[in-house]
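Accompanying notes for the structure given below.
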Amino acid sequence: MVKSPRSTFALLIFIFEIVVSDSHFREGHFRDESNAISKSFVGPLDPTKLHQTVEEEDVFANVVPKMEEIAFSAYWNLPTYECLDEFGIDLQLEKFGITSNANGNKTGDALVLFSQLVFGVYPHFDKFTKVPVNGGLPQLGNLTQHLEKAAQDIVSAIPNANFSGLAIIDWELWHPSWDQNLLAGIIYCHKSLDLVQKNHPDWSSDQVELVARIEFEEAARSYMESTLSLVKRLRPGARLGFYHYPACYNRYTESNACNPKAILTNDKLKWLFADCTALYPSIYLYGSRSDYHTYVESNIKEALRVRRYPTSPKYQSLPTLDLTILTVDCTTQRFNYAHSGLYYTKVRFFHQCSQALIFAYSRFNYSQSGLYYTKADLNNTILQAAELGTNGVIFWGDHNDTHSLQSCLQLESYLNTFLGPFVKEVVDAASQCSKVTCSGHGRCIGDIIGCSTSGAGKSSDSKVNNAYKHGTQCTCSCYEGWQGPSCAEQPSI
């Protein structure tokens, strides 16, 4: 049975003791990691040390990432090594300002995707056979075994202890919210109900459903929280989050607005978003819609809304000390202090506003037909992501895009003639707009193409032509440490 979320921290310490002593790690590259872990983990604050600081004790503190001060970035998450190794086709992504792992590899210093089928010991039912794997249900999984395996996978996929790239966990077969499994993940609801009914045959259907819901959601939360904590312990610089979180579930809504139930679900998942250092919403285009613009806009704006949640508490209050108390307004980024008592102990704030980055996952073609995105499609996805103020986009594809000489040649042609120049123009415009409009200390929100030239407009050979501009002017979202309409002011301390 999976342990409750309250015991997750103790369980993690247990896992660290196991993996550090494991001969596989002691003989390999994990040997250096054990020293880093032992130095960083210092245990609870000591109430007898009146001048102890959280800065000295806070193992979760994140160094302000330089990535946050890049106006807009594009990443490549495709196995393009197949084109290079098999057919000698180098896509030369760097000339378009697209960041990728060296040699088109799946893992590297730029980006790592942890797949649900190979990362850790992920409990699920086979998508086709419906056979339970690793227990099937989260509440029947072995969390200790999962974390042991996950620790090995993390160190193997990211050997660089100072990794500061994107780290995405791709768990799509079940959702931690019971209600979001009622369609594609209905098997997890049915099997959870069967489990409770088997153990309590005399219970009413309402009792069974209530307990099944609680058991499933608590177990799912334990898996996700402890996995996030493990990655953050081993690779604290990673920009970590789950793919397709937050979700908007507006694929079938007529207005393209986020499904109201999805918004309520995301509000209940504050515990998840508070622990993520990056959010990875999906803006894939499906089928034929009358308005892709508002469809994508809703998904991105939901991620922006979720990012305003305060982060989780760093430490619990110590009753033996009078501590500095802090309240946080994450909309204005203002911190309000109050202090009373005989002793002044320098304590870092218990909550902080989320500094999670937002990278939207986007395709460049339609998965079912393979047709490449048009200019309108790229405007609705790539350009709009930049205009709304995200940190960037991640291009996703599949084996069909790179499995043959023909597919690699087609991709190379599309990249060189259309996609690449489009991305470069958007990336350059976002950077220039930041300099012109936001003093180089903030990110432009609005018509970045027009604002980047300070009103001069875009060139006649521009690849970008957005009919849905987010206003004719730009506002600034200032980087940390800067404020004012043009991000030219530094707040007084």
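Residues -21 to -1, 1 to 472, numbered by mature numbering (1 follows the signal peptide of the UniProt record, and there is no 0), are exactly what the sequence shown covers, in order. The beta carbon of each residue, even a glycine, is placed where N, CA and C say it ideally should be.
Can you have a look at threonine 396 and say buried or exposed, based on whether 16 or more other CB atoms are within 10 angstroms of its CB?
-> So threonine 396 ends up on the exposed side.
Can you give the Cα-Cα distance for leucine 213 and asparagine 80, rounded to whole angstroms?
-> A direct Cα-Cα distance of roughly 20 Å separates leucine 213 from asparagine 80.
Going by the CB atoms, is the gap between isoleucine 147 and cysteine 387 shorter than 7 Å?
-> Not in contact: cysteine 387 and isoleucine 147 (Cβ atoms no closer than 7 Å).
Within this structure, are the beta carbons of alanine 136 and serine 413 separated by less than 7 Å?
-> No; because the gap between Cβ atoms is not below 7 Å, this pair is not in contact.
Whose C-alpha, out of Tyr345, Ala282, Ser456, is nearest the C-alpha of leucine 264?
-> Nearest option by C-alpha distance: Tyr345.
So does the stretch 374 to 393 actually touch the stretch 417 to 430, counting three or more Cβ pairs closer than 8 Å?
-> Fewer than three beta-carbon pairs drawn from the stretch 374 to 393 and the stretch 417 to 430 are found closer than 8 Å, and the two stretches are therefore not classed as touching.
Just the C-alpha distance for alanine 257 and serine 156, rounded to the nearest angstrom, thanks.
-> For alanine 257 and serine 156, the distance between alpha carbons rounds to 20 Å.
From alanine 40 to phenylalanine 338, what does the alpha carbon distance come to, in whole angstroms?
-> Annotation note: pLDDT 42 at alanine 40 (below 50); position unreliable, coordinate value reported separately. One C-alpha to the other measures close to 22 Å.
How big is the Cα-Cα spacing for alanine 335 and phenylalanine 221?
-> Distance from the CA atom of alanine 335 to the CA atom of phenylalanine 221, rounded to whole angstroms, is 12 Å.
In the DSSP assignment, what are the bridge partners of leucine 116?
-> Its beta-bridge partners do not exist; DSSP assigns none.
Does the stretch 169 to 184 come close enough to the stretch 124 to 138 to have 3 or more Cβ pairs within less than 8 Å?
-> Under the Cβ criterion (8 Å, minimum of three pairs), the stretch 169 to 184 does not count as touching the stretch 124 to 138.
Can you tell me which of Gly87, Glu196, Pro225 puts its alpha carbon nearest to the alpha carbon of asparagine 141?
-> The alpha carbon of asparagine 141 has as its nearest neighbour, out of Gly87, Glu196, Pro225, the alpha carbon of Gly87.
Close beta carbons around aspartate 246, own chain, < 8 Å, minus the five adjacent residues each side = Excluding the 5 residues flanking it on each side, aspartate 246 has no same chain C-beta neighbour closer than 8 Å.
Classify threonine 454 as helix, strand or coil using the three-state DSSP reduction.
-> Here threonine 454 carries a strand assignment [DSSP, helix/strand/coil].
On the three-state DSSP scale, how would you describe tryptophan 250?
-> The answer is helix: DSSP assigns tryptophan 250 an H, G or I state.
Around the C-beta of threonine 353, are 16 or more other C-beta atoms found within 10 angstroms, so that it is buried, or is it exposed?
-> When all chains shown are included, threonine 353 counts as exposed.
For phenylalanine 93, which residues of its own chain have a beta-carbon under 6 Å away from its beta-carbon, when the five flanking residues on both sides are left out?
-> Ile148, listed in sequence order.
Would you mind stating whether tyrosine 231 and alanine 241 have Cβ atoms separated by less than 7 Å?
-> Their beta carbons are not under 7 Å apart, which means tyrosine 231 does not touch alanine 241 by this criterion.
According to DSSP, residues forming a beta bridge with aspartate 149 | The bridge partners DSSP lists for aspartate 149 are Ser94.
Could you tell me which residues DSSP puts in a beta bridge with valine 372?
-> Valine 372 is bridged to Ala53, Ala339.
Any idea if alanine 163 is buried or exposed, counting beta-carbon neighbours within 10 angstroms, 16 or more meaning buried?
-> So alanine 163 counts as exposed.
Is the stretch 112 to 120 close to the stretch 53 to 71, with three or more CB pairs under 8 Å?
-> No, the stretch 112 to 120 does not touch the stretch 53 to 71.
To the nearest angstrom, how far is it from the Cα of tyrosine 458 to the Cα of glutamine 469?
-> Put simply, the backbone Cα of tyrosine 458 is about 10 Å away from that of glutamine 469.
Going along the chain, which residues of its own chain have a beta-carbon closer than 7 Å to the beta-carbon of proline 239, five neighbours each way excluded?
-> If we look at proline 239 and ignore the five residues flanking it on each side, it has no Cβ neighbours.
Straight-line Cα distance separating asparagine 178 from serine 341 = CA-to-CA, the gap between serine 341 and asparagine 178 works out to about 44 Å.
7 Å Cβ cutoff met for isoleucine 279 and alanine 365 = Taking 7 Å as the Cβ cut-off, isoleucine 279 and alanine 365 do not qualify as a contacting pair.
Measure the C-alpha to C-alpha separation of isoleucine 373 and leucine 362 and round it to an integer number of angstroms.
-> Cα to Cα, isoleucine 373 sits roughly 13 Å from leucine 362.
So who's on the other strand from tyrosine 222, going by DSSP bridges?
-> In the DSSP output, where bridge partners are listed per residue, tyrosine 222 has Tyr259.
Could you tell me whether the Cβ atoms of glycine 371 and alanine 53 are closer together than 7 Å?
-> Result yes, Cβ atoms of glycine 371 and alanine 53 sit closer than 7 Å.
What number of angstroms, rounded off, separates the C-alpha of residue 473 from the C-alpha of leucine 72?
-> Residue 473 cannot be examined here, being either before or after the span of the chain that is shown, -21 to 472.
Taking the continuous beta strand (DSSP E) assigned at glycine 425, which residues delimit it?
-> Counting along the chain, the unbroken beta strand (DSSP E) around glycine 425 starts and ends at 421 to 425.
Where threonine 78 sits in the DSSP three-state scheme | Under the three-state reduction of DSSP output, threonine 78 falls in the strand class.
Per DSSP, what kind of secondary structure is glutamine 462 in: helix, strand or coil?
-> In the structure shown, glutamine 462 sits in a strand (DSSP, three-state: E or B).
Compare the Cα-Cα distances from valine 285 to each of Ser269, Glu276, Ala253 and report the closest residue.
-> Out of Ser269, Glu276, Ala253, Ala253 has the C-alpha closest to the C-alpha of valine 285.
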